[in-house]
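Peer 1:
Here's what the structure looks like:
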């Protein structure tokens with residue numbers, strides 16, 4: 587029974603819920619918007635709002651608090667994703683492991699790197715939050731995100747989908763948003779739908795031809 591227990595359980599343990607919130611928040615700060623279910627969007631929204639409120643202070647204590655709440659993730663800037671794909675495994679490893687400063691990845695290529703082979707390095711989600719996202723809302727007292735319900739449901743459990751986005755991120759970031767690849771189940775469903783539509787069209791065409799043929803023969807006989 588849910589006596590004196592508030593919040594959404596989402597059929598997960600507390601540790602799993604925290605990991606889910608962190609992953610969704612990191613993806614939101616990386617891409618500017620994410621597509622998920624309405625329930626998950628409502629659950630992660632207060633967590634994201636709290637993170638931005640703390641990051642707005644811009645102090646070392648605020649940065650340490652954000653790291654404790656969010657943890658961290660190395661991300662590739664959108665404008666460098668294509669170049670990152672063409673790199674070797676060793677180069678990718680150096681790009682992801684490069685650090686500017688004691689703990690933070692600020693996106694500055696270290697002096698020891700060959701800038702011709704490795705012209706960029708990964709940056710940090712926390713660094714982007716502290717330097718790019720939080721300053722935009724310096725004069726905004728809350729309400730940094732919005733939930734936009736989509737007119738579609740997820741295949742499988744029929745959950746309603748929604749877009750959780752940062753206010754002011756109506757336009758995609760410089761690198762653009764990568765469109766998620768369709769799942770195998772979705773491809774099969776679309777294939778069945780296309781096959782069924784083709785069958786229906788062929789049946790309608792055959793019926794039209796069969797009804798048109800007798801009328802044409804009658805006219806010919808009368809002549």
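In my numbering, the protein residues as written are 587 to 809.
We treat Cβ as the ideally placed atom computed from N, Cα and C, and that holds for glycine.
So is residue 713 buried or exposed if we call it buried at 16+ other beta carbons inside 10 Å?
Peer 2: Your numbering for residue 713 matches position 127 in the chain shown. Buried.
Peer 1: Could you pull the start and end residues of the alpha helix (DSSP H) that residue 594 belongs to?
Peer 2: The residue you call residue 594 lines up with position 8 of the chain shown. Counting along the chain, residue 594 falls outside any alpha helix (DSSP H), and DSSP gives it neither H nor E.
Peer 1: Is the segment 635-643 touching the segment 719-734 in the sense that three or more CB pairs, one from each, lie closer than 8 angstroms?
Peer 2: Counting Cβ pairs under 8 angstroms, three or more are found: they touch.
Peer 1: Just the Cα atoms here: how many angstroms apart are residue 707 and residue 662?
Peer 2: What you label residue 707 is simply residue 121 of the chain shown in a count that begins at 1. What you label residue 662 is simply residue 76 of the chain shown in a count that begins at 1. Distance between the alpha carbons of residue 707 and residue 662 is about 7 angstroms.
Peer 1: Whole alpha helix (DSSP H) runs in the segment 622-665 with 4 or more residues, listed along the chain?
Peer 2: Runs found: 624-641 and 646-656.
Peer 1: Skipping 5 residues on each side, what residues in its chain have a beta carbon closer than 6 angstroms to that of residue 588?
Peer 2: Working through the chain shown from its first residue, we reach residue 588 at position 2. Excluding residues within five positions, none has a Cβ falling inside 6 angstroms.
Peer 1: Check for me: the alpha helix (DSSP H) holding residue 671 runs from which residue to which?
Peer 2: Taking the chain shown and counting its residues from 1, one reaches residue 671 at position 85. Note, residue 671: alpha helix (DSSP H), 667-671.
Peer 1: Determine contact between the segment 695-703 and the segment 743-755, defined as no fewer than three beta-carbon pairs at a distance below 8 angstroms.
Peer 2: Segments in contact, no.
Peer 1: Considering only residues of the same chain and omitting the five flanking positions on each side of residue 633, which have a CB-CB separation below 7 angstroms?
Peer 2: Position 47 of the chain shown, counted from the first residue, corresponds to residue 633. The residues are 607 and 611.
Peer 1: I'd like the list of long-range same chain contacts for residue 746, defined as Cβ closer than 6 angstroms, with 5 residues on each side in sequence excluded.
Peer 2: Taking the chain shown and counting its residues from 1, the one referred to as residue 746 is at position 160. Cβ within range, chain order: 624 and 739.
Peer 1: If you run the structure through DSSP and keep just helix, strand and coil, what is residue 589?
Peer 2: Here the question's residue 589 lines up with position 3 in the chain shown. Correct three-state label for residue 589: coil.
Peer 1: Here's a check: name, in chain order, each residue in its chain whose Cβ is nearer than 6 angstroms to the Cβ of residue 695, leaving out the five neighbours to either side.
Peer 2: Residue numbering aside, residue 695 sits at position 109 when the chain shown is read from its first letter. Counting only Cβ-Cβ distances below 6 angstroms, and skipping sequence neighbours, we find 701 and 707.
Peer 1: Residues bridged to residue 619 by DSSP?
Peer 2: Here residue 619 refers to the residue found at position 33 of the chain shown. Bridge partners of residue 619: 751.
Peer 1: Using DSSP bridges, identify the partner residues of residue 734.
Peer 2: Taking the chain shown and counting its residues from 1, the one referred to as residue 734 is at position 148. Answer is 749.
Peer 1: Which term fits residue 615, buried or exposed, when burial requires 16 or more other beta carbons within 10 angstroms of its beta carbon?
Peer 2: The residue given as residue 615 occupies position 29 in the chain shown. Under this definition residue 615 is a buried residue.
Peer 1: Check residue 710 in the structure and name its three-state DSSP category.
Peer 2: What you label residue 710 is simply residue 124 of the chain shown in a count that begins at 1. DSSP places residue 710 in strand when its eight states are reduced to three.
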